[in-house]
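In our numbering, the protein residues as written are 262 to 494.
Right, one structure below, let's go through it.
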Amino acid sequence: LLTAHYDHIGTAETAGELAVSQPKDASDRIYNGANDDGSGTVSVIEIARALARLNPRPRRSIVFMTFFGEELGEVGAKFYAKHPIFPAAKTVADLNLEQLGRTDSTTGQQLENATLTGYRYSNVTKFVEEAGRETGINVYEDKEANEEYFARSDNEALAKIGIPAHTIVVSYDFSDYHAVGDEWQKIDYDNMAKVDRMIALAVLNLANSATVPRWNADNPKTAPFREARGNIQ
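In structure tokens, the structure reads:
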């Protein structure tokens, strides 16, 4: 699965507690969510467009999907987890995409960088690292944020039913997070294209791999996901 969420938080009148900041005046009341998560949604579409041209096809099917309701608590992903179109037992991995467009992270500029949530939770990370080496993207572990954010996007709902699932991001936090300033003009499109090429290669390598991705049995935090994988129908 290659996934992302297409909802954001609405307007100044509807966002409520989801808004980190309120608009300063009445000139702009819309929370556009260009980075969170328009960048992920369009990346799913563009990667699908590119991989659909492949001949021959990869060994495994690749499912491209966008979810609604992530901001409300992974609503769409939870629904899919309960009603999968394709058998969960035959779904080997999910790469979920969030916040790929902004390089102006609050921790410093993130050019040609990407990271994953739950970095040491499964060997899916190895596929992304290898794709990064081949495409010039530095795939690194954010030791402070990767575990916290594992439970803050749609990958969590799929992990809970046993599917090795991670979220790829360029920046965990940026200045306009859940603010009206998260608009398309601030997206670094050249950098996003480079990251998308890396993701496309990782997805393709996952689809062609002779081995099935596994949760990391040496990491005790993966125990519930490994148990769910063992009980998957």
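Glycine included, C-beta positions come from ideal geometry on N, C-alpha and C.
Checklist line | Which of helix, strand or coil DSSP assigns to T483 | finding: helix
Notebook entry, point to check: Nearest-angstrom Cα distance between K455 and E405?
Noted result: One alpha carbon belongs to K455, the other to E405, and they sit about 25 Å apart.
Checklist line | Given Y380 as reference, the closest of L358, A273, N477, E278 once Cα atoms are compared | finding: N477
Checklist line | Supposed close pair T495, V431 - CB separation, criterion 8 Å | finding: Within the shown structure, residues of the chain are numbered from 262 to 494, placing residue 495 beyond reach of any answer.
Item checked: For T272, the nearest candidate out of T264, T376, A287 (CA to CA) -> A287
Notebook entry, point to check: For the segment 279 to 323, which segments carrying the alpha helix (DSSP H) assignment without a break, of at least 4 residues, lie completely within its bounds, in sequence order?
Noted result: 300 to 312
Next item on the list: May I ask you to report which of helix, strand or coil DSSP gives T396?
Entry: helix
Notebook entry, point to check: Would you call the segment 409 to 429 and the segment 328 to 341 touching, i.e. three or more CB-CB distances under 8 Å?
Noted result: Yes, since at least three Cβ pairs between the segment 409 to 429 and the segment 328 to 341 fall closer than 8 Å, the two stretches touch.
Notebook entry, point to check: Among W445, I429, I422, which one has its Cα closest to the Cα of R490?
Noted result: I422
Margin query: Here's the rule I'm using: 16 or more other beta-carbon atoms within 10 Å means buried, otherwise exposed. How should L372 be labelled?
Written below: exposed
Note to self: Any contact between the segment 431 to 448 and the segment 292 to 301? By contact I mean 3 or more CB pairs, one from each, below 8 Å.
What the structure shows: yes
Next item on the list: Go through its chain and collect everything with a Cβ distance to A311's Cβ below 8 Å, but skip five positions before and after it.
Entry: Excluding positions up to five away in sequence, the list reads A461.
Next item on the list: Locate the alpha helix (DSSP H) running through D457, then write down its first and last residues.
Entry: 450 to 469
Item checked: Distance between P348 and E307 (C-alpha atoms, nearest Å) -> 25 Å
Next item on the list: Check the C-beta distance from H427 over to L356 and give it rounded, since I have them as a contact under 8 Å.
Entry: Their Cβ separation, rounded to whole angstroms, is 6 Å, which keeps H427 and L356 in contact under 8 Å.
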